[in-house]
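Enquirer: 693 is the number of the first residue of the sequence shown in our numbering; add one for each residue after it.
To start, I am sharing the structure in question, which I have written as structure tokens.
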Amino acid sequence: PQFDSLMTIPIDIEDLKLLECSNFNNLSDEQKKAFYIVFFAAIAERESDFKADSETFDRGHFNTNVGLFQIDKNSAIRHAYALVGAKVTKKELKNPITNFVAGLYIFKNQLEGAFRDDTTGRLFPTKHFYWEVLGLRKREKFLKSFSNNRGNLPFCENSH
């Protein structure tokens, strides 16, 4: 259901231009799903190098980020309580499906502006929301990963 709800959220055109898919908001749900698969793959590549058991200690937030999308327990609870409940463990977050669905909740909250209005419809928020790879400092590496798989999105068009 979290994935399906992403199909109805309009995305900022400037963000779509960065990904060379300006026509995203007019795509079919199946095409949007294909787009998001490439988008999430690029996040996972940059966050964990696709290693589901990856763990990284975040000194700035004093927590451990876990799994494909490097999600910490507190964020999993805050964003995906319906999925993980109040007592999610690192082991559960290393499950790729649990980690991915928690990531979907986080991303959905970003696009819906659930915690901050300035993230509504933004793939690349102007201020850090969750994943640093979507932020201005690390975005180029993310864009390279996305671009490497853009061939899977022949329906995307870019109008400058």
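Note that CB positions come from ideal geometry on N, CA and C, so glycine has one too.
Spatial neighbours of residue 697 within its chain, please: CB distance less than 8 Å, with the 5 preceding and 5 following residues excluded, ordered by chain position.
Expert: Cβ contact annotation for residue 697 (same chain, cutoff 8 Å, sequence separation greater than five): 800, in chain order.
Enquirer: Contact between the stretch 778 to 796 and the stretch 810 to 820 is defined here as three or more beta-carbon pairs at a separation below 8 Å; is this criterion met?
Expert: no
Enquirer: Would a C-beta distance cut-off of 7 Å place residue 794 and residue 772 closer than the cut-off?
Expert: yes
Enquirer: Decide if residue 718 is buried, meaning its Cβ has at least 16 other Cβ atoms within 10 Å, or exposed.
Expert: exposed
Enquirer: Going straight from the alpha carbon of residue 754 to that of residue 768, what length do you get?
Expert: 15 Å
Enquirer: Could you tell me the alpha carbon to alpha carbon distance between residue 843 and residue 731, rounded to whole angstroms?
Expert: If you take the alpha carbons of residue 843 and residue 731, they lie about 13 Å apart.
Enquirer: Need the endpoints of the beta strand (DSSP E) that residue 747 sits in, please.
Expert: 747 to 750
Enquirer: Can you give me the C-alpha to C-alpha distance between residue 721 and residue 740, rounded to a whole angstrom?
Expert: Cα to Cα, residue 721 sits roughly 28 Å from residue 740.
Enquirer: Do residue 833 and residue 824 have their beta-carbon atoms positioned less than 7 Å apart in this structure?
Expert: no
Enquirer: Could you name the residues of the same chain whose beta carbon sits closer than 8 Å to that of residue 791, not counting the 5 residues immediately before and after it, in chain order?
Expert: 744, 758, 759, 760, 761, 763, 785
Enquirer: Helix, strand or coil for residue 850? Go by DSSP, reduced to three states.
Expert: Reduced to three states, the DSSP call for residue 850 is coil.
Enquirer: Can you give me the start and stop residues for the beta strand (DSSP E) that residue 812 sits inside?
Expert: That residue, residue 812, is in no beta strand (DSSP E); it is neither H nor E in DSSP.
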